[in-house]
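All remarks here apply to the structure that follows.
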Amino acid sequence: MHRRTRLRAAAGALALGLLLGGCATRPSEEPMTTATPREPRPTVPGKTPSPQPTTLPLPSDGPTPPAAPATPVPDDVLELPGVREAIAAVAERRGVAPDEVSVVEYADVTWPDGSIGCPQPGMMYTQALVPGRRLLLEVQGEVASYHSGGGPAFGYCANPRPALPAAPDTRPR
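Convert by adding 1 to the 1-based position in the sequence shown; the result is the number in the working numbering.
So, in structure tokens, the structure goes:
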């Protein structure tokens, strides 16, 4: 029985050593190899494709206006708790009564990343498409942008970034 305990302890120590060996602070002695050729391939002048930009345009100084002409917002949207809370928040922020706030747009959108169209300096976000909604509210000629990542609540966004069009609903009906 004593021998069995020693054998288990030795096996455990070996397993721990193997696991911790991957956490070494020194780089490996063997160089990494890549599939990239050592010599660049020749190119034909004027035939090299131009790189395509992969970033979204920077936001303007003000909120992003609706991309398409606004359509009337259905009355049932105005009764949603998240929309009512956003209307109350912008009314308080601007010092007006909630009935002076008009809903310019309520749209399903796809945000290009986890910032839901409202990145903050120094923050990192998931790099995945995020379904959500955009709510644009107008008070005294100024538009305020409120964003949602799909939940019922909206958050105010002082410097909104553009959203992508919402993906079509492909769920079976």
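Positions of the beta carbon are idealized from the N, C-alpha and C atoms, including for glycine.
Roughly how many whole angstroms lie between the Cα atoms of residue i and residue j?
i: ALA108; j: ARG134; result: 5 Å
i: MET124; j: LEU165; result: 21 Å
i: GLY83; j: ALA167; result: 19 Å
i: GLN121; j: PRO163; result: 15 Å
i: ILE81; j: GLN128; result: Correcting the residue identity first, residue 81 is Leu in this sequence and not Ile. Their Cα atoms are separated by approximately 29 Å.
i: THR34; j: THR111; result: Caution applies to THR34, whose pLDDT of 39 falls short of 50 and renders its modelled position unreliable; the value that the coordinates give is listed next. Their backbone Cα atoms lie some 39 Å apart in a straight line.
i: GLU106; j: VAL74; result: 7 Å
i: CYS158; j: ASP77; result: 24 Å
i: VAL97; j: ALA87; result: 13 Å
i: LEU1; j: SER149; result: An answer regarding residue 1 cannot be provided, because it is not within the stretch 2 to 174 covered by the chain.
i: ARG95; j: PRO113; result: 29 Å
Please say whether residue j and residue i have beta carbons closer to each other than 8 Å?
i: GLY142; j: VAL131; result: no
i: VAL140; j: VAL104; result: no
i: TYR147; j: LEU138; result: yes
i: PRO153; j: CYS119; result: no
Under the rule that 16 or more other beta-carbon atoms within 10 Å means buried, what is residue i, buried or exposed?
i: PRO99; result: exposed
i: THR37; result: Because the pLDDT of THR37 is 42, which lies under 50, any placement of that residue in the model is unreliable, and the number read from its coordinates should be weighed accordingly. That one is exposed.
i: PRO58; result: Any reading at PRO58 must be qualified, since the residue scores a pLDDT of 41, below 50, and its modelled position is unreliable; no value is offered.
With distances taken Cα to Cα, identify the nearest neighbour of residue i among the options.
i: PHE155; options: GLY123, PRO166, ALA89; result: ALA89
i: ARG1; options: ALA167, LEU136, VAL144, PRO163; result: The chain is shown only over 2 to 174; residue 1 falls outside these bounds and no answer can be derived.
i: VAL102; options: PRO113, ALA145, CYS158; result: ALA145
i: GLY151; options: CYS158, ILE117, VAL78, TYR157; result: ILE117
How far does the alpha helix (DSSP H) with residue i in it extend, from its first residue to its last?
i: GLU106; result: No alpha helix (DSSP H) contains GLU106, which is instead part of the beta strand (DSSP E) from 103-112.
i: PRO82; result: 82-95
i: VAL78; result: 76-79
Over the uninterrupted beta strand (DSSP E) stretch that includes residue i, give me the two end residues.
i: LEU137; result: 131-140
i: SER149; result: 143-149
Would you please verify whether the beta carbon of residue i is less than 8 Å from any beta carbon of chain C?
i: LEU165; result: Considering every chain present, this structure includes no chain C. It has just one protein chain.
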